[in-house]
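Worksheet: one structure, shown below.
There are 2 protein chains.
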Amino acid sequence: MPLDTGTMTDPGEPTGTNATLQSPISQDGRPIIGQRYEVAARQGRAVRVNAGQTIRVINTHGTQVCDFWAFAENDLHEFLSMEHLHSQLETVMPRVGQSLCTNRRRPILHFTTDTSPGVHDTVIAACDIHRYHSLGVKDYHDNCTDNLRMALIAIGLRALEIPAPLNLWMNIPINAEGGIDWCPTVSKPGDYVDMTAEMDCIAVMSACPQDIVPINGPDSTPVELHFEIH
Amino acid sequence: MPLDTGTMTDPGEPTGTNATLQSPISQDGRPIIGQRYEVAARQGRAVRVNAGQTIRVINTHGTQVCDFWAFAENDLHEFLSMEHLHSQLETVMPRVGQSLCTNRRRPILHFTTDTSPGVHDTVIAACDIHRYHSLGVKDYHDNCTDNLRMALIAIGLRALEIPAPLNLWMNIPINAEGGIDWCPTVSKPGDYVDMTAEMDCIAVMSACPQDIVPINGPDSTPVELHFEIH
Chain A
1 MPLDTGTMTD
11 PGEPTGTNAT
21 LQSPISQDGR
31 PIIGQRYEVA
41 ARQGRAVRVN
51 AGQTIRVINT
61 HGTQVCDFWA
71 FAENDLHEFL
81 SMEHLHSQLE
91 TVMPRVGQSL
101 CTNRRRPILH
111 FTTDTSPGVH
121 DTVIAACDIH
131 RYHSLGVKDY
141 HDNCTDNLRM
151 ALIAIGLRAL
161 EIPAPLNLWM
171 NIPINAEGGI
181 DWCPTVSKPG
191 DYVDMTAEMD
201 CIAVMSACPQ
211 DIVPINGPDS
221 TPVELHFEIH
Chain B
1 MPLDTGTMTD
11 PGEPTGTNAT
21 LQSPISQDGR
31 PIIGQRYEVA
41 ARQGRAVRVN
51 AGQTIRVINT
61 HGTQVCDFWA
71 FAENDLHEFL
81 SMEHLHSQLE
91 TVMPRVGQSL
101 CTNRRRPILH
111 FTTDTSPGVH
121 DTVIAACDIH
131 RYHSLGVKDY
141 HDNCTDNLRM
151 ALIAIGLRAL
161 EIPAPLNLWM
171 NIPINAEGGI
181 DWCPTVSKPG
191 DYVDMTAEMD
201 CIAVMSACPQ
211 DIVPINGPDS
221 TPVELHFEIH
């Protein structure tokens, strides 16, 4: 009996567009080592990181959330996975010194440095067009899920799945009853995290365009981030 | 430029096998209304649930964790999503009266009844062969991820992605620092949850075969579960 996979949508197809699509750091996402790249406000960027190289993600203004993903370079079905990380590290709050694992429980990034207070989120989905529609937006709104899709397309790839992101600097306290809150970042301008690749991978960052729920600083103004590969 | 999707593995391919593959409730997963079906210990079962029908999942012995998934019947890329549920419900602990949403933020199941104390997990990945290997198992070990894959194959479908599960009765407290613990269930024999489908969907249950980490009661003995469609 042939196996039915249903009437499929394409997880890699953006629901709208922004300048992410025309703004890769290079045609194939290979970086110049040591160069500082911008993730423009409300946009996404993808970069190839070889095993042993370190990606530094910089919260230039201190107030910006960075939705972050990492995919195995040779198989986009393997990726940094929050639910597997929770199990492997026995925490929802990864710390410097820990290895972050994929959905096959292989280490993909070693979390080596964090100059911020270490508040990052691992339980909340990337924003998407459906999120903004539920918040009352009528038309297209930039969103991290489309930024991921477009950042990959911009370097000639296509998302096969949309993993839960590592939300750098996103401040989502979980209370004793399991309730969560949406709070501004507690990082300062120039704070950065360093993560060293444990396999060849593709990192994707989105400067979260959330301007309704106050996660991006008290003013809810999305701004740019930067990153470097060392 | 053609878009590269990498050297793909198949997320729907089991890494081993058990009787799940030969034990569907019916050839296409359609249930007999009101009939009580077994999810055998260490195995998985899939069932089609039409919009308006209610699935009752029964913790027959009280000590068993049930990894639970729901997929939109017409598109297996849309599914009950823990990270989207966290965002929409602003909690990691869903409660009776709430609608559980998909990765497109559409309601898929309304959580209508829970006779247990309401302790369920939404942050931990389904166990998989890699998990058991990391726990020291050398050979194949039944696991919830393969049970999901096989339960779908048994009714003629194939998983396109492996979503994070709703782990019914799994007791994973999260402390103030974000640390998690692995604890036995707090449910009693015969406890059940009812969820009413808000779209035509395919529910999959796995009677978690975890027998090393003590989540399945103090004896860590995996046992059977039951379910009914009303």
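If you read the sequences in order, they're chains A and B. The numbering of the first sequence is this note's numbering, which starts it at 1 and goes up by one. The numbering of the second sequence is this note's numbering, which starts it at 1 and goes up by one. Quick reminder that beta carbons are idealized off the backbone N, C-alpha and C, glycines included.
Nearest neighbour of residue i, chosen from the options [CA to CA]
| i | options | result |
| --- | --- | --- |
| B:I33 | B:N50, B:T115 and B:V123 | B:N50 |
| A:T115 | A:I153, A:D128 and A:Y192 | A:Y192 |
| B:S26 | B:L157, B:H130, B:C101 and B:A70 | B:L157 |
| B:V96 | B:P214, B:T113, B:R48 and B:H86 | B:T113 |
| B:G179 | A:T15, A:M93 and A:G29 | A:M93 |
| A:W64 | A:I229, A:P209 and A:G136 | One point to set straight first is that residue 64 of chain A is Gln, not Trp, in the sequence displayed. Of A:I229, A:P209 and A:G136, the residue nearest in Cα terms is A:P209. |
| A:P14 | A:N59, A:P184 and A:I162 | A:I162 |
| B:R36 | B:M8, B:V57, B:R104 and B:C127 | B:V57 |
| B:C66 | B:A72, B:N167 and B:N175 | B:N167 |
| A:S134 | B:R104, B:T145, B:G118 and B:A125 | B:R104 |
| B:N216 | B:M170, B:G16 and B:T145 | B:M170 |
C-alpha distance - residue i paired with residue j, whole-angstrom precision
| i | j | result |
| --- | --- | --- |
| A:D200 | A:T54 | 11 Å |
| B:D181 | B:I172 | 5 Å |
| A:L76 | A:L160 | 6 Å |
| A:N147 | B:S87 | 19 Å |
| B:Y140 | B:A151 | 18 Å |
| A:E78 | B:G190 | 38 Å |
| B:D211 | B:V223 | 10 Å |
| B:G52 | B:H120 | 23 Å |
| A:G12 | A:E90 | 31 Å |
| B:G29 | B:V137 | 32 Å |
| B:D219 | A:D219 | 52 Å |
| A:A125 | B:H230 | 32 Å |
| B:L109 | B:A70 | 8 Å |
| B:H226 | B:N59 | 7 Å |
| A:E83 | A:P31 | 29 Å |
| A:G118 | B:E177 | 11 Å |
| B:N175 | A:M8 | 39 Å |
| B:V204 | A:E228 | 43 Å |
| A:S81 | B:D128 | 14 Å |
| B:D10 | A:G16 | 28 Å |
| B:P165 | A:A164 | 13 Å |
| A:S206 | B:F68 | 31 Å |
| B:H130 | B:T145 | 10 Å |
| B:A72 | B:R45 | 16 Å |
Bridge partner(s) assigned by DSSP for residue i
| i | result |
| --- | --- |
| A:E224 | BP columns for A:E224 are empty, so no partner. |
| B:L231 | With chain B represented from 1 up to 230, any question about residue 231 of chain B goes unanswered, as that position is not in the structure. |
| B:R48 | B:I202 |
| A:Y140 | In DSSP, A:Y140 forms no bridge with anything. |
| A:I153 | Its beta-bridge partners do not exist; DSSP assigns none. |
| A:D121 | A:N167 |
| B:D28 | Its beta-bridge partners do not exist; DSSP assigns none. |
| A:T102 | A:L80 |
| B:D114 | B:V193 |
Nonlocal neighbours in the same chain, by C-beta distance under 6 Å from residue i, ignoring five residues either side
| i | result |
| --- | --- |
| B:A154 | L21 and P24 |
| B:K188 | G62 |
| B:D194 | T54, R56, T112 and T113 |
| A:T196 | T54, H110 and T112 |
| A:T48 | Correcting the residue type first, residue 48 of chain A is Arg in the shown sequence and not Thr. G29, R30 and I202. |
| B:R149 | G12, P14 and A159 |
Own chain residues within Cβ distance below 8 Å of residue i, not counting five before or after
| i | result |
| --- | --- |
| A:A19 | A40 and Q43 |
| B:P107 | S99, L100, C101, E198 and M199 |
| B:N74 | D200 |
| B:M1 | The predicted model places B:M1 with a pLDDT of 45, which falls under 50 and marks its position as unreliable; any figure quoted below should be read in that light. Correct list: empty, nothing qualifies. |
| A:T221 | T63 and D211 |
| B:P184 | T63, N171, P214, I215, N216, G217 and P218 |
Cβ shell of residue i (< 7 Å), same chain only, five flanking positions each side left out
| i | result |
| --- | --- |
| A:Y132 | H141 and N143 |
| B:E38 | E224 and H226 |
| B:L85 | P94, L100, C101 and T122 |
| A:V186 | P117, V119 and N171 |
Original post:
If contact means a Cβ-Cβ distance below 7 Å, which residues of the segment 118-133 of chain A contact chain D?
Top reply: Checking the listed chains, one finds no chain D in this structure; the protein chains it contains are A and B.
Subject >> 4-residue-minimum alpha helix (DSSP H) runs that sit fully inside the segment 61-91 of chain A, ordered along the chain >> reply: For the segment 61-91 of chain A, whole alpha helix (DSSP H) runs of length 4 or above, ordered along the chain, are 82-89.
Subject >> Uninterrupted beta strand (DSSP E) stretches inside the segment 186-215 of chain A (no shorter than 3 residues) >> reply: Those beta strand (DSSP E) runs which fall completely within the segment 186-215 of chain A and span 3+ residues are 191-197 and 201-207.
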